[in-house]
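What follows is a short report on a single structure.
There are 2 protein chains.
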Amino acid sequence: MRAETRIRRQAQIEDAAYALLEEKGYAGATMQALARRAGASIETLYNWYGDKPGLFRALIARNAETVQEVLDQRAGAADAAALVAVGERLLALLTGPRAVALNRAAAADAEGTLGLALAQGGRDIVMPHVATLIGAITGAHGETPDRLAELWLALLVGDLQIRRVIGTIAAPDANTCRQRAETATDHLLRLYPPQG
Amino acid sequence: MRAETRIRRQAQIEDAAYALLEEKGYAGATMQALARRAGASIETLYNWYGDKPGLFRALIARNAETVQEVLDQRAGAADAAALVAVGERLLALLTGPRAVALNRAAAADAEGTLGLALAQGGRDIVMPHVATLIGAITGAHGETPDRLAELWLALLVGDLQIRRVIGTIAAPDANTCRQRAETATDHLLRLYPPQG
DNA sequence: ATATTTCCGTAATAAGTATTACGGATTCGG
DNA sequence: CCGAATCCGTAATACTTATTACGGAAATAT
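Those protein sequences? They're chains A and B, same order as listed. Terminal number for the first sequence in our numbering: 225, no gaps in between. Terminal number for the second sequence in our numbering: 225, no gaps in between.
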């Protein structure tokens, strides 16, 4: 199979997996429905991903790449505007349909391996990046950059993510994301002004 | 069946349901395992709760009572200490094994009815209560008490709840809960001092 | 005490699902 | 253009589970 065709087929499988995850949940996303929807065969699913958890682990791995891309954008200046820009994109990503679907899958996995993989490809990448950026903005402080990053993320996301995961709210629109990013950054810098 | 016996049997069923939910997740919590573990019969489960979602809806309903009890404690003074006390209990409740299990069940329910019930018995009760308390502490402000309550809850809980639900952290201990409640209250009152 | 309801324990039903298997079509390397 | 590998579509396998059914025991009411 040509590499190009294979990549397209992989994208079809991932799209179908996300769609099923959003519509039916992890338990309801059956391999047969996935194969039919993706226009792939069941055999291919098992040959490529091993088993059902493996398929969703692959989704999580690719999600980690998306997280990296979001963080790498606007990596130039280390000022409040850069933090707002990162927050805006980050919030849209974290509350977007794909991240929410992955979190639901992780919540359904009682063993916790999916959750661990999701955290490694998400929070464990985001936190140091944000901490470095905030540290560069605020300078030396009584509070460590790590704690400031946690604070800023709490202000930014709030309970939007858990409410998205249990299905009580829709994804916030672009305006909401920007305003929350601005407010969170403003609150952080009011509590811990630069050069404190 | 005597009312007393029935109440005890209901508690056994609820305990078993929570235990299975924590160990196996919603899909893995089978009615047969639940009956065996609770010492009840399958027929009783269906006679009392209708079906499997109905059983977990009953769990959510009883959880709402617990939330009310937590909020009603220390309802006397309207000062920062009261807010810290409420926050401490609230965080312990929200990150405790039972609330986490219910959130996992809601996340596994793609239709969203469990999530809706959980929100109605949880957030929709907590938010107005906290907003009233904060409003009484801070007095009139540019920000509405509702927004301040959201801010305080974000500071209090952060991402602990979602991380608990996807299984990457253990429940915070009592010390952590108290410190977070103190820090969240301190941050809130620094950002929006009373009599602003 | 006895008739009636309720419950337990177990089995049966019916449906769904992860995983494996296979024949025929398609694609790829030479 | 041809053989080998890969893939699709479908079916078969083996297993699990929600829900219903039923006989006998326990409790309840009269």
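No residue lacks a Cβ here, since even glycine has one placed at the ideal position from N, Cα and C. For clarity, every value in this text was computed on a predicted model and none was experimentally measured.
Return the Cβ separation of B:L123 and B:V194 in integer angstroms, given the expectation that the two are a contact with Cβ distance under 8 Å.
-> To locate residue 123 of chain B, count along the second sequence from 1; it is residue 94. To locate residue 194 of chain B, count along the second sequence from 1; it is residue 165. Between B:V194 and B:L123 the Cβ distance is about 10 Å, and since that is not below 8 Å, they are no contact.
A:A160 lies in the alpha helix (DSSP H); which residues open and close that run?
-> Position 131 of the first sequence holds residue 160 of chain A. Taken as a continuous stretch (DSSP letters only), the alpha helix (DSSP H) holding A:A160 covers 152-167.
Going by other Cβ atoms of all chains shown within 10 Å of its Cβ, with 16 needed for buried, is A:G151 buried or exposed?
-> Looking up residue 151 of chain A in the first sequence gives position 122. Label assigned to A:G151: buried.
Can you name the residues of chain A whose CB is closer than 9 Å to the CB of B:D188?
-> The residue given as residue 188 of chain B occupies position 159 in the second sequence. Within chain A, the residues near B:D188 are R152, E179, L182, A183, V186, Q190, I191.
Can you tell me the Cα-Cα spacing of A:A137 and B:Q41, whole angstroms?
-> For the purposes of this step, residue 137 of chain A is taken as residue 108 along the first sequence, with counting starting at 1. For the purposes of this step, residue 41 of chain B is taken as residue 12 along the second sequence, with counting starting at 1. Going from the Cα of A:A137 to the Cα of B:Q41 covers about 24 Å.
Closer than 8 Å at the beta carbon, the chain A residues around B:K53 = Residue 53 of chain B sits at position 24 when you count from the first residue of the second sequence. Going along chain A in sequence order, the residues near B:K53 (Cβ under 8 Å) are A139.
Reduced DSSP secondary structure (H/G/I, E/B, other) of A:I174 | The residue given as residue 174 of chain A occupies position 145 in the first sequence. The question names Ile, yet the displayed sequence has Pro at residue 174 of chain A. Note: A:P174 maps to helix in three-state DSSP.
Could you tell me if A:Q102 is buried or exposed, where buried requires 16 or more neighbouring beta carbons within 10 angstroms of its beta carbon?
-> Taking the first residue of the first sequence as 1, we reach residue 102 of chain A at position 73. A residue is called buried when at least 16 other Cβ atoms come within 10 angstroms of its Cβ; A:Q102 does not meet this threshold and is exposed.
Buried versus exposed, by CB contacts within 10 Å (16 or more), A:P174 = As a first step, residue 174 of chain A is located in the first sequence; it is residue number 145 there, counting from the start. Under this definition A:P174 is a buried residue.
Report the residue from B:D80, B:T167, B:E94 whose alpha carbon sits nearest the alpha carbon of B:D153.
-> Here residue 153 of chain B refers to the residue found at position 124 of the second sequence. It is B:E94 whose Cα lies nearest to the Cα of B:D153.
Whose Cβ in chain A lies nearer than 8 Å to the Cβ of B:L112?
-> For the purposes of this step, residue 112 of chain B is taken as residue 83 along the second sequence, with counting starting at 1. In chain order: nothing, as chain A lies at least about 17 Å away.
How close, in whole Å, do the beta carbons of A:A134 and A:F85 come, if the pair is a contact with beta carbons under 8 Å?
-> On the first sequence, position 105 is the one that residue 134 of chain A refers to. On the first sequence, position 56 is the one that residue 85 of chain A refers to. Yes, they are in contact, since the Cβ atoms of A:A134 and A:F85 sit about 5 Å apart, within 8 Å.
The segment 35-50 of chain A touching the segment 105-123 of chain A, judged by at least three CB pairs closer than 8 Å | No, because fewer than three Cβ pairs between the segment 35-50 of chain A and the segment 105-123 of chain A fall closer than 8 Å, the two stretches do not touch.
Is the CB of A:R91 under 9 Å away from at least one CB in chain B?
-> Position 62 of the first sequence, counting from 1, holds the residue named residue 91 of chain A. No, no contact with chain B.
Distance between B:Y75 and B:G54 (C-alpha atoms, nearest Å) | As a position in the second sequence, residue 54 of chain B is number 25, starting the count at 1. As a position in the second sequence, residue 75 of chain B is number 46, starting the count at 1. Computed Cα separation, rounded: 20 Å.
Going by C-alpha distance, which of A:A90, A:L182, A:T205, A:T59 is nearest A:K81?
-> Locating residue 81 of chain A in the first sequence gives position 52, counting from the first residue. Among A:A90, A:L182, A:T205, A:T59, the Cα nearest to that of A:K81 belongs to A:T59.
Distance CB(B:E179)-CB(B:V129) smaller than 9 Å = Counted from its first residue, the second sequence places residue 179 of chain B at position 150. Counted from its first residue, the second sequence places residue 129 of chain B at position 100. Result no, Cβ atoms of B:E179 and B:V129 do not sit closer than 9 Å.
Nearest-angstrom Cα separation, counted from A:L143 out to A:G79 | Here residue 79 of chain A refers to the residue found at position 50 when the first sequence is read from its first residue. Here residue 143 of chain A refers to the residue found at position 114 when the first sequence is read from its first residue. Distance between the alpha carbons of A:G79 and A:L143: 15 Å.
So, does the CB of A:H170 fall closer than 9 Å to a CB anywhere in chain B?
-> Position 141 of the first sequence, counted from the first residue, corresponds to residue 170 of chain A. With 9 Å as the cut-off, A:H170 does not count as an interface residue toward chain B.
Host alpha helix (DSSP H) of A:R103 (start-end) = Residue mapping note: residue 103 of chain A aligns to position 74 of the first sequence, counting from 1. Looking at the DSSP string, A:R103 is not in any alpha helix (DSSP H), and its letter there is neither H nor E.
Which of the three DSSP states, helix, strand or coil, is assigned to A:Q41?
-> In the first sequence, counting from the first residue as 1, residue 41 of chain A sits at position 12. Three-state DSSP puts A:Q41 in a helix.
Cutoff 6 Å; reference A:T205; Cβ partners in own chain excluding five residues on either side | Locating residue 205 of chain A in the first sequence gives position 176, counting from the first residue. Taken in chain order, the list of residues that qualify is empty.
Name the residue from A:A114, A:T197, A:L182, A:R118 whose alpha carbon lies nearest to the alpha carbon of B:E140.
-> In the second sequence, counting from the first residue as 1, residue 140 of chain B sits at position 111. It is A:T197 whose Cα lies nearest to the Cα of B:E140.
Where do the ends of the alpha helix (DSSP H) carrying B:E211 lie?
-> Stepping through the second sequence from its first residue, residue 211 of chain B is reached at position 182. Run containing B:E211: 203-220, per the alpha helix (DSSP H) assignment.
Which residues bound the alpha helix (DSSP H) around B:I227?
-> With chain B running from 30 to 225 in the structure shown, residue 227 of chain B is simply not present.
CB contact check: A:R86 to chain B, cutoff 9 Å | On the first sequence, position 57 is the one that residue 86 of chain A refers to. Not an interface residue.
Rounded distance between the beta-carbons of B:A210 and B:V96, thought under 8 Å = By one-based count along the second sequence, residue 96 of chain B stands at place 67. By one-based count along the second sequence, residue 210 of chain B stands at place 181. Going by Cβ atoms, the distance from B:V96 to B:A210 rounds to 16 Å, so no, they are not a contact pair.
Can you pull the chain B residues whose beta carbon is under 8 Å from the beta carbon of A:H158, in chain order?
-> For this step, residue 158 of chain A is matched to residue 129 along the first sequence. Within 8 Å Cβ-Cβ: nothing; A:H158 doesn't reach chain B, min ~15 Å.
Over what stretch of residues does the alpha helix (DSSP H) that includes A:A107 continue unbroken?
-> Walking along the first sequence from the start, residue 107 of chain A turns up at place 78. A:A107 -> no alpha helix (DSSP H), and no H or E assigned at all.
Run the CB neighbour count on A:D108, radius 10 Å, all protein chains shown included, and call it buried at 16 or more, exposed below.
-> On the first sequence, position 79 is the one that residue 108 of chain A refers to. A:D108 should be labelled exposed.
Could you tell me which of B:R38, B:P222, B:A199 sits nearest to B:R127, measuring between CA atoms?
-> Stepping through the second sequence from its first residue, residue 127 of chain B is reached at position 98. Out of B:R38, B:P222, B:A199, B:A199 has the C-alpha closest to the C-alpha of B:R127.
Thinking just about the alpha-carbon of each residue, which of A:P201, A:Q190, A:Q208, A:H170 is nearest to the one in A:L220?
-> On the first sequence, position 191 is the one that residue 220 of chain A refers to. Considering only alpha carbons, the answer is A:H170.
Where does B:T167 land, buried or exposed, given buried means 16+ other C-beta within 10 angstroms?
-> Taking the second sequence and counting its residues from 1, one reaches residue 167 of chain B at position 138. B:T167 comes out buried.
CA-CA distance, A:D202 and B:G105?
-> Against the first sequence, residue 202 of chain A aligns to sequence position 173. Against the second sequence, residue 105 of chain B aligns to sequence position 76. Between A:D202 and B:G105, the C-alpha separation is close to 40 Å.
Integer Cβ distance of A:A48 from A:R66, believed to fall under 8 Å = As a working note, residue 48 of chain A is residue 19 in the first sequence. As a working note, residue 66 of chain A is residue 37 in the first sequence. Under the criterion of beta carbons closer than 8 Å, A:A48 and A:R66 qualify as touching, at roughly 7 Å.
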